[in-house]
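S.K.: Numbering (the numbering used here), first residue to last: 71 to 482. All residues carry an ideal CB built from backbone N, CA and C; glycine is no exception.
If you want it as structure tokens, here you go:
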């Protein structure tokens, strides 16, 4: 493959010469290190062969020595192709013009792709893009992707993130829409805390907030109330009498479906202990099977030993009973018991390894109490020491997380 490619780049010709001159011609060419290949018979006692373009002048000298003439019947390779282009100036000029036009056209934006939008239509996004002067046919160097991202996310409030990239002649706009809590209709509900915690972030979409950032809340406490009180007006407050009817207050309060996002810092405490010397069981590969039949309370061994020959073993039993017939239960059972021998091993830890292992086990237990994909902010692992030195390492782990704690509850 490499040889054919090299010959094509350097150029080669196909020549014919008389058959009677072939042997002497090839011998002399070989001694002068001229490579000939694909020697085949041609018509009229002529032999065709191929030779590189650079070796044609030396072959003319060899032809004079052997008193035979050769004729070039075919020219192949890059040098001949370039020579043809040079003689066809119109074709060469057209090719160069096509390349220049193609390069010029690739410097403009011809396609605009929008991905990720569901509720916001493509037309709205394209309308915002056109406001900053970006459209089909605009030069790529005039597109400021950062400014375009900022403009789109400012003009369309329903988007949480926008990414703009230029790929060739294509402008790709990828958007992520805001995901709001589901609206359960006109039901009047409060947003309450499902866990104790410290409020870190609060975003009110509808309703009246009763807590703020930095407040400590308990489970069941109302975070966002469905009752929105009337706006405070100092001038009107002076005119309101001291005694106001309850019905009038109810008319001034607006009730909505409370919605929002409330994130709080939650703390979990866990305890775990690990022995410095633990016993482990490993199978040795030895196993025996006992087959017995049980009729009523009597057991008959059909196969296998009466006494298990292993000191430490694990027992697996499989019981098969005869099917009942017309509510008559036949008290016959066939029991297959497999005994697998176990080897007792002891694994010893130093206090550092035991402390690490206990911390991992405690964290694994606490993760079962946390929501999935929760964000862990901080972990604090402390060793619990006792007055007497023991071969047990005890630890207490405190994990701080950031969680969404708001749940809906009917308004009281």
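Beta carbon of residue 245, beta carbon of residue 291: below 8 angstroms?
M.R.: The count along the chain shown starts at 1 and reaches residue 245 at position 175. The count along the chain shown starts at 1 and reaches residue 291 at position 221. Result no, Cβ atoms of residue 245 and residue 291 do not sit closer than 8 angstroms.
S.K.: I need the DSSP call for residue 450, collapsed to helix, strand or coil.
M.R.: Taking the chain shown and counting its residues from 1, the one referred to as residue 450 is at position 380. Looking at residue 450 - three-state DSSP - the assignment turns out to be strand.
S.K.: What does residue 412 pair with, by DSSP beta-bridge criteria?
M.R.: Indexing the chain shown from 1 puts residue 412 at position 342. BP columns for residue 412 point to 353.
S.K.: Going residue by residue through the region 166 to 217, where are the continuous alpha helix (DSSP H) segments of at least 4 residues, counting only ones entirely within it?
M.R.: Segments of the alpha helix (DSSP H) lying fully in the region 166 to 217: 192 to 201.
S.K.: Short of 6 angstroms in beta carbon distance, which residues of its chain neighbour residue 333, apart from the five on each side in sequence? Order them along the chain.
M.R.: What you label residue 333 is simply residue 263 of the chain shown in a count that begins at 1. If we look at residue 333 and ignore the five residues flanking it on each side, its Cβ neighbours are 270, 271, 472 and 474.
S.K.: Is the region 375 to 389 close to the region 400 to 419, with three or more CB pairs under 8 angstroms?
M.R.: As far as the Cβ criterion goes, the region 375 to 389 touches the region 400 to 419, which means the pair count is three or higher.
S.K.: If you follow the alpha helix (DSSP H) that residue 74 is in, where does it begin and where does it stop?
M.R.: Numbered from its first residue, the chain shown carries residue 74 at position 4. Counting along the chain, the alpha helix (DSSP H) containing residue 74 begins and ends at 72 to 80.
S.K.: Quick one: what's got a C-beta closer than 7 angstroms to residue 295's C-beta in the same chain, skipping five residues either side?
M.R.: In the chain shown, the residue the question calls residue 295 occupies position 225. Once the five neighbours on either side are set aside, the close Cβ partners of residue 295 are 260, 277, 278, 280 and 328.
S.K.: Who does residue 233 pair with in a DSSP beta bridge?
M.R.: Reading the chain shown from its first residue, position 163 is the one you call residue 233. Beta-bridge pairing links residue 233 to 244.
S.K.: Under the DSSP definition of a beta bridge, which residues are partnered with residue 394?
M.R.: Position 324 of the chain shown, counted from the start, is the residue given in the question as residue 394. Per DSSP, none; premise fails for residue 394.
S.K.: Which one or two residues does DSSP pair with residue 463 in a beta bridge?
M.R.: Within the chain shown, the letter at position 393 stands for residue 463. In DSSP, residue 463 forms a bridge with 344.
S.K.: Helix, strand or coil: which one does DSSP assign to residue 289?
M.R.: Within the chain shown, numbered from 1, the residue matching residue 289 stands at position 219. Residue state, collapsed to three classes: coil.
S.K.: Using a Cβ-Cβ cutoff of less than 7 angstroms, which residues in the same chain neighbour residue 137 once the five nearest sequence positions on both sides are dropped?
M.R.: Numbered from its first residue, the chain shown carries residue 137 at position 67. Cβ within range, chain order: n/a, list empty.
S.K.: What is the C-beta distance between residue 219 and residue 234, in whole angstroms, given that I count them as a contact (C-beta under 8 angstroms)?
M.R.: Position 149 of the chain shown, counted from the first residue, corresponds to residue 219. Position 164 of the chain shown, counted from the first residue, corresponds to residue 234. Sure, about 5 angstroms apart at Cβ, within 8 angstroms.
S.K.: Rounded to whole angstroms, what's the CA-CA distance from residue 239 to residue 182? Just pull it up for me.
M.R.: In the chain shown, residue 239 corresponds to position 169, counting from 1. In the chain shown, residue 182 corresponds to position 112, counting from 1. If you take the alpha carbons of residue 239 and residue 182, they lie about 9 angstroms apart.
S.K.: Go ahead and label residue 340 buried or exposed: buried means 16 or more other beta carbons lie within 10 angstroms of its beta carbon, across all protein chains shown.
M.R.: Sequence index remark: in the chain shown, residue 340 carries index 270 (1-based). Buried, because 16 or more other Cβ atoms sit within 10 Å of the Cβ of residue 340.
S.K.: My guess is that residue 403 and residue 391 are in contact by the Cβ rule of under 8 angstroms, so how many angstroms apart are they, rounded?
M.R.: Working through the chain shown from its first residue, we reach residue 403 at position 333. Working through the chain shown from its first residue, we reach residue 391 at position 321. Right, the Cβ-Cβ distance comes to about 5 angstroms (below 8 angstroms), so this counts as a contact.
S.K.: Can you name the start and end residues of the alpha helix (DSSP H) that residue 432 belongs to?
M.R.: Taking the chain shown and counting its residues from 1, the one referred to as residue 432 is at position 362. Looking at the DSSP string, the run of the alpha helix (DSSP H) that includes residue 432 is 421 to 437.
S.K.: May I ask which residues mark the beginning and end of the alpha helix (DSSP H) holding residue 154?
M.R.: In the chain shown, counting from the first residue as 1, residue 154 sits at position 84. Here the alpha helix (DSSP H) through residue 154 covers 148 to 157.
S.K.: List the whole-angstrom C-beta distance separating residue 335 from residue 267, where the pair is believed to meet the contact cut-off of C-beta under 8 angstroms.
M.R.: Indexing the chain shown from 1 puts residue 335 at position 265. Indexing the chain shown from 1 puts residue 267 at position 197. Right, the Cβ-Cβ distance comes to about 6 angstroms (below 8 angstroms), so this counts as a contact.
S.K.: Touching or not, the region 461 to 471 and the region 432 to 447, by the rule of three or more beta carbon pairs under 8 angstroms?
M.R.: The region 461 to 471 is in contact with the region 432 to 447.
S.K.: Just the C-alpha distance for residue 393 and residue 364, rounded to the nearest angstrom, thanks.
M.R.: For this step, residue 393 is matched to residue 323 along the chain shown. For this step, residue 364 is matched to residue 294 along the chain shown. Going from the Cα of residue 393 to the Cα of residue 364 covers about 15 angstroms.
S.K.: As an exercise, report each continuous beta strand (DSSP E) stretch of at least 3 residues that is fully enclosed by the region 83 to 160, in chain order.
M.R.: Runs of the beta strand (DSSP E) inside the region 83 to 160: 106 to 111, 116 to 122 and 141 to 146.
S.K.: By Cβ distance, which residues of its chain are closer than 6 angstroms to residue 162, with the 5 residues on each side in sequence left out?
M.R.: Taking the first residue of the chain shown as 1, we reach residue 162 at position 92. The residues are 155.
S.K.: By Cβ distance, which residues of its chain are closer than 8 angstroms to residue 481, with the 5 residues on each side in sequence left out?
M.R.: If you number the chain shown from 1, residue 481 lands on position 411. Correct list, in chain order: 258, 259, 260, 295, 296, 297, 325 and 328.
S.K.: I need the straight-line Cα distance from residue 222 to residue 236, nearest angstrom please.
M.R.: Sequence index remark: in the chain shown, residue 222 carries index 152 (1-based). Sequence index remark: in the chain shown, residue 236 carries index 166 (1-based). Taking the straight line from one Cα to the other gives about 16 angstroms.
S.K.: Flag this pair as touching only if the region 210 to 218 and the region 171 to 186 have three or more C-beta atom pairs under 8 angstroms; answer yes or no.
M.R.: Enough Cβ pairs lie closer than 8 angstroms, so yes.
S.K.: Given 8 angstroms as the limit, is there contact between the region 146 to 160 and the region 99 to 112, that is, 3 or more CB pairs closer than that?
M.R.: The region 146 to 160 is not in contact with the region 99 to 112.
S.K.: Which one or two residues does DSSP pair with residue 260 in a beta bridge?
M.R.: Position 190 of the chain shown, counted from the first residue, corresponds to residue 260. Residue 260 is bridged to 479.
S.K.: Do you know whose CA, among 119, 192, 99 and 75, lies nearest residue 142's CA?
M.R.: Translated into the one-based positions of the chain shown, residue 142 becomes position 72. Nearest of 119, 192, 99 and 75 to residue 142, Cα basis: 119.
S.K.: On the CB-based measure, 16 or more other CB atoms within 10 Å of its CB, does residue 171 come out buried or exposed?
M.R.: One-based indexing of the chain shown puts residue 171 at position 101. So residue 171 ends up on the exposed side.
S.K.: Is it a yes or a no for the region 224 to 232 touching the region 442 to 457, going by three-plus beta-carbon pairs under 8 angstroms?
M.R.: Touching, no.
S.K.: Under the DSSP definition of a beta bridge, which residues are partnered with residue 373?
M.R.: Taking the chain shown and counting its residues from 1, the one referred to as residue 373 is at position 303. Answer is 361, bridged to residue 373.
S.K.: Return yes when the Cβ of residue 99 is within less than 8 angstroms of the Cβ of residue 92, no when it is not.
M.R.: Within the chain shown, the letter at position 22 stands for residue 92. Within the chain shown, the letter at position 29 stands for residue 99. Not a contact, by the Cβ cut-off of 8 angstroms.
S.K.: Starting from the Cα of residue 199, find the closest Cα among 242, 384 and 72 and give me that residue.
M.R.: For the purposes of this step, residue 199 is taken as the residue at position 129 of the chain shown. The residue with the shortest Cα to Cα distance from residue 199 is 242.
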